[in-house]
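Structure, as C-alpha coordinates:
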Amino acid sequence: MTGPRFEGSYLGDASKLPPDAAMECKICWNAYEPSLGDETRQIPPGAAFLALPEDWTCPECGAPKEQFMVKGGGAPMPEPTVDPVAEAVRALEAEFREIYNGRMRDTPLVNRSLSIEAIGFREWEGMLVGVLVTQWFMNIFLLPKPGTRWDGLRAGEKEVLAFPSGEYEFIHNSRDGIGGYKACSLFSPMNEFASHMKAAEVARAVAAQLFDPKLAEPEEDKGTPLSPPKAEPEAAAPSKLPDLRREPSPTRRGLLFGDPRGLGAAEGDAPEAPKGAAGPVGPEPAGAIPASAVPASSPGGAAE
38 MTGPRFEGSY
48 LGDASKLPPD
58 AAMECKICWN
68 AYEPSLGDET
78 RQIPPGAAFL
88 ALPEDWTCPE
98 CGAPKEQFMV
108 KGGGAPMPEP
118 TVDPVAEAVR
128 ALEAEFREIY
138 NGRMRDTPLV
148 NRSLSIEAIG
158 FREWEGMLVG
168 VLVTQWFMNI
178 FLLPKPGTRW
188 DGLRAGEKEV
198 LAFPSGEYEF
208 IHNSRDGIGG
218 YKACSLFSPM
228 NEFASHMKAA
238 EVARAVAAQL
248 FDPKLAEPEE
258 DKGTPLSPPK
268 AEPEAAAPSK
278 LPDLRREPSP
288 TRRGLLFGDP
298 RGLGAAEGDA
308 PEAPKGAAGP
318 VGPEPAGAIP
328 ASAVPASSPG
338 GAAE
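Residue numbering for the sequence shown is 38 to 341, as defined by our numbering.
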(Lines of atoms letter the chains of each structure in order from A; the text may use other names.)
(Lines give C-alpha, C1' and ligand atoms only; values in the text may rest on other atoms or scores of the structure.)
Protein backbone atom coordinates (compact mmCIF):
# COMPACT_ATOMS: atom_id res chain seq x y z
CA MET A 38 0.00 0.00 0.00
CA THR A 39 1.42 3.38 -0.97
CA GLY A 40 1.13 6.53 1.11
CA PRO A 41 -0.97 9.54 0.13
CA ARG A 42 0.30 11.62 -2.78
CA PHE A 43 0.07 15.41 -2.67
CA GLU A 44 0.12 16.91 -6.13
CA GLY A 45 2.78 19.59 -6.39
CA SER A 46 4.29 18.76 -3.01
CA TYR A 47 7.85 17.47 -2.89
CA LEU A 48 7.44 15.48 -6.10
CA GLY A 49 4.49 13.70 -4.56
CA ASP A 50 6.52 12.13 -1.74
CA ALA A 51 4.40 12.65 1.38
CA SER A 52 7.19 11.30 3.61
CA LYS A 53 9.16 14.51 2.93
CA LEU A 54 6.34 16.81 3.99
CA PRO A 55 7.39 18.69 7.16
CA PRO A 56 4.88 18.67 10.05
CA ASP A 57 4.36 22.45 9.96
CA ALA A 58 3.90 22.73 6.19
CA ALA A 59 1.02 25.00 5.16
CA MET A 60 -1.12 23.49 2.40
CA GLU A 61 -3.63 25.04 0.03
CA CYS A 62 -6.39 23.63 -2.10
CA LYS A 63 -5.61 23.90 -5.79
CA ILE A 64 -9.34 24.05 -6.58
CA CYS A 65 -10.40 27.05 -4.48
CA TRP A 66 -7.04 28.12 -2.95
CA ASN A 67 -8.30 27.74 0.60
CA ALA A 68 -5.33 27.24 2.93
CA TYR A 69 -4.81 24.82 5.78
CA GLU A 70 -2.47 26.26 8.41
CA PRO A 71 -1.28 23.71 11.00
CA SER A 72 -0.94 26.50 13.58
CA LEU A 73 -4.66 27.27 13.26
CA GLY A 74 -6.20 23.84 12.74
CA ASP A 75 -9.74 23.54 11.32
CA GLU A 76 -12.68 24.66 13.46
CA THR A 77 -15.25 23.18 11.06
CA ARG A 78 -13.95 19.68 11.78
CA GLN A 79 -12.80 20.38 15.34
CA ILE A 80 -9.14 19.94 14.34
CA PRO A 81 -7.06 21.55 17.11
CA PRO A 82 -4.23 24.00 16.40
CA GLY A 83 -0.88 22.27 15.86
CA ALA A 84 -2.29 19.32 13.87
CA ALA A 85 -0.07 18.53 10.87
CA PHE A 86 -1.72 18.13 7.49
CA LEU A 87 -0.61 14.48 7.37
CA ALA A 88 -2.40 13.88 10.71
CA LEU A 89 -5.80 14.98 9.39
CA PRO A 90 -8.49 12.27 9.19
CA GLU A 91 -8.65 10.30 5.95
CA ASP A 92 -12.12 11.69 5.22
CA TRP A 93 -11.07 15.31 5.78
CA THR A 94 -11.91 17.59 2.85
CA CYS A 95 -11.50 21.25 2.02
CA PRO A 96 -13.91 23.27 4.20
CA GLU A 97 -14.66 25.61 1.28
CA CYS A 98 -15.13 23.38 -1.77
CA GLY A 99 -15.02 19.80 -0.48
CA ALA A 100 -11.90 18.81 -2.43
CA PRO A 101 -10.08 15.76 -0.98
CA LYS A 102 -6.66 16.02 0.66
CA GLU A 103 -5.00 14.80 -2.55
CA GLN A 104 -5.95 18.12 -4.18
CA PHE A 105 -3.85 20.13 -1.73
CA MET A 106 -0.32 21.27 -2.46
CA VAL A 107 2.41 23.00 -0.50
CA LYS A 108 1.72 26.67 0.13
CA GLY A 109 4.85 27.55 2.04
CA GLY A 110 6.40 27.61 5.45
CA GLY A 111 7.78 24.59 7.17
CA ALA A 112 11.29 23.26 6.93
CA PRO A 113 13.10 23.86 3.63
CA MET A 114 12.75 21.10 1.10
CA PRO A 115 15.75 18.80 1.46
CA GLU A 116 18.13 18.64 -1.46
CA PRO A 117 17.92 15.31 -3.28
CA THR A 118 20.85 13.10 -2.38
CA VAL A 119 23.02 11.99 -5.27
CA ASP A 120 25.20 8.90 -4.95
CA PRO A 121 28.35 9.77 -6.93
CA VAL A 122 29.30 6.10 -7.36
CA ALA A 123 25.85 5.27 -8.73
CA GLU A 124 26.06 8.26 -11.09
CA ALA A 125 29.44 7.09 -12.42
CA VAL A 126 28.12 3.55 -12.90
CA ARG A 127 25.04 4.82 -14.77
CA ALA A 128 27.26 6.92 -17.04
CA LEU A 129 29.45 3.86 -17.78
CA GLU A 130 26.45 1.72 -18.67
CA ALA A 131 24.97 4.48 -20.84
CA GLU A 132 28.26 4.92 -22.72
CA PHE A 133 28.47 1.24 -23.65
CA ARG A 134 24.79 1.02 -24.52
CA GLU A 135 25.49 3.76 -27.05
CA ILE A 136 28.42 1.73 -28.41
CA TYR A 137 26.23 -1.36 -28.65
CA ASN A 138 23.39 0.44 -30.43
CA GLY A 139 25.69 2.39 -32.74
CA ARG A 140 28.39 -0.15 -33.63
CA MET A 141 27.95 -3.62 -32.17
CA ARG A 142 24.27 -4.59 -32.39
CA ASP A 143 24.46 -6.26 -35.81
CA THR A 144 27.90 -7.85 -35.52
CA PRO A 145 28.41 -11.61 -35.01
CA LEU A 146 30.46 -10.91 -31.87
CA VAL A 147 27.47 -10.12 -29.67
CA ASN A 148 25.42 -12.44 -27.50
CA ARG A 149 21.91 -11.02 -27.66
CA SER A 150 20.78 -12.92 -24.58
CA LEU A 151 23.00 -10.64 -22.48
CA SER A 152 22.62 -7.00 -21.52
CA ILE A 153 24.92 -4.23 -20.33
CA GLU A 154 25.35 -4.12 -16.56
CA ALA A 155 28.02 -2.68 -14.26
CA ILE A 156 28.42 -5.02 -11.28
CA GLY A 157 30.08 -4.76 -7.89
CA PHE A 158 31.53 -1.26 -8.21
CA ARG A 159 33.14 0.12 -5.07
CA GLU A 160 35.60 2.83 -4.08
CA TRP A 161 39.13 1.58 -3.53
CA GLU A 162 42.36 3.56 -3.22
CA GLY A 163 41.08 6.65 -4.96
CA MET A 164 39.22 4.93 -7.80
CA LEU A 165 36.10 2.90 -8.57
CA VAL A 166 36.57 -0.82 -9.20
CA GLY A 167 34.01 -3.24 -10.61
CA VAL A 168 33.10 -5.50 -13.52
CA LEU A 169 31.29 -4.46 -16.70
CA VAL A 170 29.24 -7.07 -18.54
CA THR A 171 28.25 -6.37 -22.14
CA GLN A 172 26.98 -8.45 -25.04
CA TRP A 173 30.52 -8.80 -26.39
CA PHE A 174 32.91 -8.71 -23.40
CA MET A 175 33.32 -8.88 -19.64
CA ASN A 176 36.09 -6.67 -18.19
CA ILE A 177 37.32 -5.51 -14.83
CA PHE A 178 36.90 -1.73 -15.03
CA LEU A 179 38.65 1.03 -13.12
CA LEU A 180 37.16 4.52 -13.12
CA PRO A 181 38.50 7.68 -11.49
CA LYS A 182 37.09 8.63 -8.11
CA PRO A 183 33.94 10.79 -8.49
CA GLY A 184 34.92 14.42 -8.97
CA THR A 185 38.21 13.56 -10.70
CA ARG A 186 39.17 12.60 -14.26
CA TRP A 187 41.88 10.57 -15.97
CA ASP A 188 42.17 12.78 -19.02
CA GLY A 189 45.92 12.15 -19.28
CA LEU A 190 45.59 8.45 -20.13
CA ARG A 191 46.89 7.38 -23.53
CA ALA A 192 44.78 4.76 -25.27
CA GLY A 193 46.55 1.39 -25.55
CA GLU A 194 49.11 1.93 -22.82
CA LYS A 195 49.38 -0.85 -20.25
CA GLU A 196 49.67 -0.61 -16.49
CA VAL A 197 50.18 -3.25 -13.81
CA LEU A 198 48.17 -2.67 -10.64
CA ALA A 199 48.26 -4.61 -7.38
CA PHE A 200 45.08 -5.82 -5.66
CA PRO A 201 44.74 -7.95 -2.55
CA SER A 202 44.48 -11.06 -4.77
CA GLY A 203 47.54 -10.19 -6.88
CA GLU A 204 48.80 -8.03 -9.74
CA TYR A 205 46.84 -7.46 -12.94
CA GLU A 206 47.54 -5.79 -16.25
CA PHE A 207 45.17 -3.05 -17.37
CA ILE A 208 44.88 -1.26 -20.70
CA HIS A 209 44.19 2.49 -20.78
CA ASN A 210 41.39 3.91 -22.89
CA SER A 211 38.96 6.82 -22.94
CA ARG A 212 35.51 7.74 -24.19
CA ASP A 213 33.93 11.15 -24.62
CA GLY A 214 31.08 10.32 -22.25
CA ILE A 215 33.12 8.98 -19.32
CA GLY A 216 36.68 10.17 -19.91
CA GLY A 217 39.65 7.96 -19.16
CA TYR A 218 39.32 4.44 -17.76
CA LYS A 219 41.38 1.26 -17.32
CA ALA A 220 40.23 -2.24 -18.28
CA CYS A 221 41.42 -5.81 -17.73
CA SER A 222 39.77 -8.31 -20.07
CA LEU A 223 38.07 -11.39 -18.64
CA PHE A 224 35.93 -12.81 -21.47
CA SER A 225 35.45 -11.96 -25.13
CA PRO A 226 33.35 -12.87 -26.99
CA MET A 227 30.50 -13.83 -24.64
CA ASN A 228 28.76 -16.44 -26.79
CA GLU A 229 29.24 -19.30 -24.32
CA PHE A 230 27.16 -17.65 -21.59
CA ALA A 231 23.67 -19.11 -21.82
CA SER A 232 21.99 -16.22 -20.01
CA HIS A 233 22.66 -12.83 -18.50
CA MET A 234 22.00 -14.30 -15.06
CA LYS A 235 24.97 -16.65 -15.48
CA ALA A 236 27.23 -13.87 -16.74
CA ALA A 237 26.23 -11.60 -13.86
CA GLU A 238 26.91 -14.41 -11.38
CA VAL A 239 30.46 -14.75 -12.66
CA ALA A 240 30.94 -10.97 -12.63
CA ARG A 241 29.84 -10.75 -8.99
CA ALA A 242 32.22 -13.53 -8.03
CA VAL A 243 35.13 -11.85 -9.83
CA ALA A 244 34.36 -8.48 -8.22
CA ALA A 245 34.53 -10.12 -4.79
CA GLN A 246 37.54 -12.37 -5.42
CA LEU A 247 39.59 -9.48 -6.74
CA PHE A 248 39.87 -8.35 -3.11
CA ASP A 249 40.43 -11.81 -1.60
CA PRO A 250 44.00 -11.99 -0.22
CA LYS A 251 43.74 -15.79 -0.01
CA LEU A 252 44.18 -15.86 -3.80
CA ALA A 253 47.48 -13.98 -3.71
CA GLU A 254 50.63 -15.88 -4.67
CA PRO A 255 53.40 -16.31 -2.12
CA GLU A 256 56.09 -13.66 -2.60
CA GLU A 257 58.67 -16.20 -3.78
CA ASP A 258 56.30 -17.57 -6.46
CA LYS A 259 55.37 -14.26 -8.06
CA GLY A 260 56.01 -14.00 -11.76
CA THR A 261 54.56 -11.98 -14.59
CA PRO A 262 51.40 -10.05 -13.63
CA LEU A 263 48.22 -11.79 -14.70
CA SER A 264 46.60 -10.91 -17.96
CA PRO A 265 44.19 -12.93 -20.08
CA PRO A 266 45.81 -15.51 -22.39
CA LYS A 267 46.18 -14.24 -25.95
CA ALA A 268 44.23 -16.03 -28.66
CA GLU A 269 46.29 -18.00 -31.19
CA PRO A 270 46.05 -16.96 -34.87
CA GLU A 271 44.37 -20.27 -35.72
CA ALA A 272 41.35 -21.54 -33.85
CA ALA A 273 42.28 -24.21 -31.35
CA ALA A 274 40.16 -27.24 -30.55
CA PRO A 275 37.99 -26.80 -27.44
CA SER A 276 39.88 -27.82 -24.34
CA LYS A 277 38.59 -30.65 -22.21
CA LEU A 278 37.44 -29.99 -18.68
CA PRO A 279 39.75 -31.53 -16.10
CA ASP A 280 38.80 -34.77 -14.37
CA LEU A 281 37.28 -33.33 -11.20
CA ARG A 282 37.80 -36.62 -9.38
CA ARG A 283 41.53 -35.90 -9.28
CA GLU A 284 40.87 -32.72 -7.30
CA PRO A 285 43.60 -30.54 -8.83
CA SER A 286 44.49 -27.34 -7.01
CA PRO A 287 42.70 -24.15 -8.11
CA THR A 288 44.73 -21.36 -9.62
CA ARG A 289 44.25 -17.64 -9.31
CA ARG A 290 44.06 -17.35 -13.10
CA GLY A 291 41.32 -19.96 -13.19
CA LEU A 292 39.32 -18.28 -10.44
CA LEU A 293 39.44 -14.84 -12.03
CA PHE A 294 39.50 -15.68 -15.72
CA GLY A 295 36.79 -18.28 -15.90
CA ASP A 296 38.25 -21.82 -15.79
CA PRO A 297 35.40 -23.78 -14.17
CA ARG A 298 35.72 -23.79 -10.39
CA GLY A 299 39.14 -22.18 -10.74
CA LEU A 300 40.73 -25.52 -11.67
CA GLY A 301 43.97 -25.79 -13.57
CA ALA A 302 45.26 -28.86 -15.40
CA ALA A 303 44.45 -32.21 -13.82
CA GLU A 304 47.18 -34.14 -12.10
CA GLY A 305 49.20 -36.07 -14.65
CA ASP A 306 48.47 -33.60 -17.46
CA ALA A 307 51.27 -31.26 -18.37
CA PRO A 308 50.13 -28.66 -20.93
CA GLU A 309 52.36 -25.69 -21.51
CA ALA A 310 51.33 -22.95 -19.07
CA PRO A 311 50.35 -19.57 -20.50
CA LYS A 312 52.99 -16.92 -20.05
CA GLY A 313 52.65 -15.36 -16.63
CA ALA A 314 50.18 -17.94 -15.34
CA ALA A 315 49.90 -18.27 -11.60
CA GLY A 316 50.74 -21.49 -9.79
CA PRO A 317 48.46 -23.41 -7.47
CA VAL A 318 47.47 -21.69 -4.29
CA GLY A 319 46.13 -24.60 -2.26
CA PRO A 320 42.55 -25.69 -1.51
CA GLU A 321 39.72 -23.93 -3.25
CA PRO A 322 38.71 -20.83 -1.24
CA ALA A 323 35.16 -20.19 -0.21
CA GLY A 324 33.10 -18.12 -2.63
CA ALA A 325 34.76 -19.45 -5.79
CA ILE A 326 32.99 -18.88 -9.09
CA PRO A 327 30.30 -21.60 -9.41
CA ALA A 328 31.12 -24.14 -12.12
CA SER A 329 27.61 -23.93 -13.52
CA ALA A 330 28.03 -20.23 -14.21
CA VAL A 331 31.27 -20.39 -16.19
CA PRO A 332 31.62 -21.44 -19.84
CA ALA A 333 33.98 -24.25 -20.71
CA SER A 334 36.52 -21.94 -22.34
CA SER A 335 37.39 -18.35 -21.63
CA PRO A 336 39.14 -16.46 -24.40
CA GLY A 337 40.56 -13.15 -23.27
CA GLY A 338 39.08 -10.06 -24.87
CA ALA A 339 40.57 -6.70 -25.68
CA ALA A 340 39.27 -3.71 -23.79
CA GLU A 341 36.82 -1.62 -25.78
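Even glycine gets a Cβ: it sits at the ideal position worked out from N, Cα and C.
- Residue 231 sits in coil when the DSSP states are folded into three classes, being neither helix nor strand.
- Judged by their CB atoms, residue 196 and residue 215 are not nearer to each other than the 9 Å cut-off.
- Here the alpha carbon of residue 97 sits roughly 17 Å from the alpha carbon of residue 90.
- Beta-bridge partners assigned by DSSP to residue 176: 169 and 222.
- Taking C-beta atoms under 8 Å as the contact rule, residue 146 and residue 173 qualify, at a distance of about 5 Å.
- As a beta-bridge residue in DSSP terms, residue 94 pairs with 101.
- For residue 123, the closest alpha carbon among the candidates 155, 179 and 102 is that of 155.
- Each residue's CA atom was taken as its position, placing residue 135 and residue 251 some 38 Å apart.
- Just so you know, the alpha carbons of residue 74 and residue 61 end up roughly 13 Å apart.
- DSSP places residue 158 inside the beta strand (DSSP E), whose first and last residues are 154 to 161.
- In this structure residue 187 is in contact with residue 217, their Cβ atoms being roughly 3 Å apart against a cut-off of 8 Å.
- Residue 238 and residue 230 have their alpha carbons spaced roughly 11 Å apart.
- When only Cα atoms are considered, residue 84 and residue 71 end up about 5 Å apart.
- In this structure, DSSP gives residue 215 a state outside helix and strand, which the three-state scheme calls coil.
- In the DSSP assignment, residue 107 forms a beta bridge with 60.
- In the displayed model, residue 181 falls within a strand according to three-state DSSP.
- For residue 126, the enclosing alpha helix (DSSP H) stretches over residues 121 to 136.
- Rounded to the nearest angstrom, the gap between the Cα atoms of residue 148 and residue 132 is 18 Å.
- Under the 10 Å beta carbon count, residue 139 is surrounded by fewer than 16 other beta carbons and is classified as exposed.
- Under the 10 Å beta carbon count, residue 170 is surrounded by 16 or more other beta carbons and is classified as buried.
- The C-alpha of residue 245 lies about 41 Å from the C-alpha of residue 55.
- Under the three-state reduction of DSSP output, residue 244 falls in the helix class.
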